[in-house]
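Colleague: Handing you this structure, nothing more for now.
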Amino acid sequence: MRFLIKVIVQITFIVGLVFDATAQVPVGQFPPLAAGQLVYVIPMDQASGLIIDTLYLPKNVTLKAGEGVTAIDWSVKTIRIEENATIDLSAPQAKPGRAADGAPPPRQASYCAVGAAGAAGAGGTPGKQGVSLNIHDIDSIDNEGSLWIRTDGGPGGDGGNGGKGQQGGGPRKNVLNKRCGAANGGAGGAAGAAGPGGATAKVVVMFKANPGTSPVTNGTAGSCGASQRPSALQGKSGVIAIWGSPGCPGNAGSAGPAGGRG
Numbered sequence: 205m206r207f208l209i210k211v212i213v214q215i216t217f218i219v220g221l222v223f224d225a226t227a228q229v230p231v232g233q234f235p236p237l238a239a240g241q242l243v244y245v246i247p248m249d250q251a252s253g254l255i256i257d258t259l260y261l262p263k264n265v266t267l268k269a270g271e272g273v274t275a276i277d278w279s280v281k282t283i284r285i286e287e288n289a290t291i292d293l294s295a296p297q298a299k300p301g302r303a304a305d306g307a308p309p310p311r312q313a314s315y316c317a318v319g320a321a322g323a324a325g326a327g328g329t330p331g332k333q334g335v336s337l338n339i340h341d342i343d344s345i346d347n348e349g350s351l352w353i354r355t356d357g358g359p360g361g362d363g364g365n366g367g368k369g370q371q372g373g374g375p376r377k378n379v380l381n382k383r384c385g386a387a388n389g390g391a392g393g394a395a396g397a398a399g400p401g402g403a404t405a406k407v408v409v410m411f412k413a414n415p416g417t418s419p420v421t422n423g424t425a426g427s428c429g430a431s432q433r434p435s436a437l438q439g440k441s442g443v444i445a446i447w448g449s450p451g452c453p454g455n456a457g458s459a460g461p462a463g464g465r466g
């Protein structure tokens, strides 16, 4: 038994060492592009922990965050940029589905009672924020082209519709000859609020020697929705810019109909 415990402890220690050793991964040139490849999707296991000697962005190449990647954090020694390069940090642009409608009302209210108000529709799903990017420890940037760091947020979802109000209670005459009339139905449920659009990605690009200085221009488009490449980021302009649009909000739902009179 002592031997078994000792072996387990040693194996655990070795696995721990292997895990720690792979937490930081030195890489020569990144990304590993095949001949003619213009789009490289960054998988989860390359989104952080890479120590990149040269981040090489050839002409018309786009880096995109892969599924499930919400943040990218790289140490990069040198960045080489050619014409019309792009790092696309956009959130998914598919609009979320509409939120749930208000629940159906209970059965008719009791005699002479006003119906209950309908249930409110659910609020729309908020749009996703763009993928955050942190590139640090840069020694040099060799810019022979232009780089667009695209930061679009995702669209918000539509709110649900309000539920129908409950039907009012019916009239009644009791044995003591006391009467009550039919009651009004309940008000319709409130409309679900529109889901807000997602915020643009947060981007930090820092030199090793002077972390407080960023080599990029930062801007946000005045409208929501998918952004277009700015004219200043074409060809060999030598410009590196962070540019994108927040996601558009969804639409509010509709208020529910009132319940019928009893």
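Position 246 of the sequence shown, counted from 1, bears residue number 450 in our numbering, the numbering being contiguous throughout. No residue lacks a Cβ here, since even glycine has one placed at the ideal position from N, Cα and C. None of these values were measured; they are calculated from a predicted model.
1) For glycine 463, which of helix, strand or coil comes out of DSSP?
2) Where glycine 301 and lysine 377 are concerned, what is the direct C-alpha to C-alpha distance, given to the nearest angstrom?
3) Could you compute how far the alpha carbon of isoleucine 342 sits from the alpha carbon of proline 400?
4) Taking the alpha carbon of glycine 523 as the reference point, which residue from Met248, Gly451, Ser279, Ala320 has its own alpha carbon closest?
5) Taking the C-alpha atoms as reference points, what is the distance between proline 247 and glycine 367?
6) I'd like to know if the stretch 422-440 and the stretch 389-399 are in contact, where contact means that at least 3 CB-CB pairs between them fall below 8 Å.
7) Does the stretch 307-315 touch the stretch 352-363, meaning 3 or more C-beta pairs lie closer than 8 Å?
8) State yes or no: is the C-beta of serine 458 within less than 8 Å of the C-beta of asparagine 388?
9) For the beta strand (DSSP E) that contains leucine 337, what are its first and last residues?
10) In the DSSP assignment, find the unbroken beta strand (DSSP E) run with proline 230 in it and report its ends.
11) Is aspartate 249 helix, strand or coil when you go by DSSP?
12) Are glycine 334 and glycine 402 touching if we call contact CB-CB under 8 Å?
13) On the CB-based measure, 16 or more other CB atoms within 10 Å of its CB, does arginine 383 come out buried or exposed?
14) For isoleucine 285 and phenylalanine 411, I'd like the C-alpha separation in whole angstroms.
15) Enumerated in chain order, which unbroken segments of the alpha helix (DSSP H) with a length of 4 residues or greater are wholly contained in the stretch 392-449?
16) With H, G and I counted as helix, E and B as strand and the rest as coil, what does DSSP make of leucine 516?
17) Report the rounded CA-to-CA distance for alanine 456 versus alanine 304, giving the unit in angstroms.
Modeller: This is what the structure gives:
1) coil
2) 49 Å
3) 36 Å
4) Examination of residue 523 is not possible in this model, given that the chain is present from 205 through 466 alone.
5) 43 Å
6) no
7) no
8) no
9) 336-342
10) 229-234
11) helix
12) yes
13) exposed
14) 16 Å
15) none
16) Outside the modelled stretch of the chain, which goes from 205 to 466, sits residue 516, for which no answer is possible.
17) 12 Å
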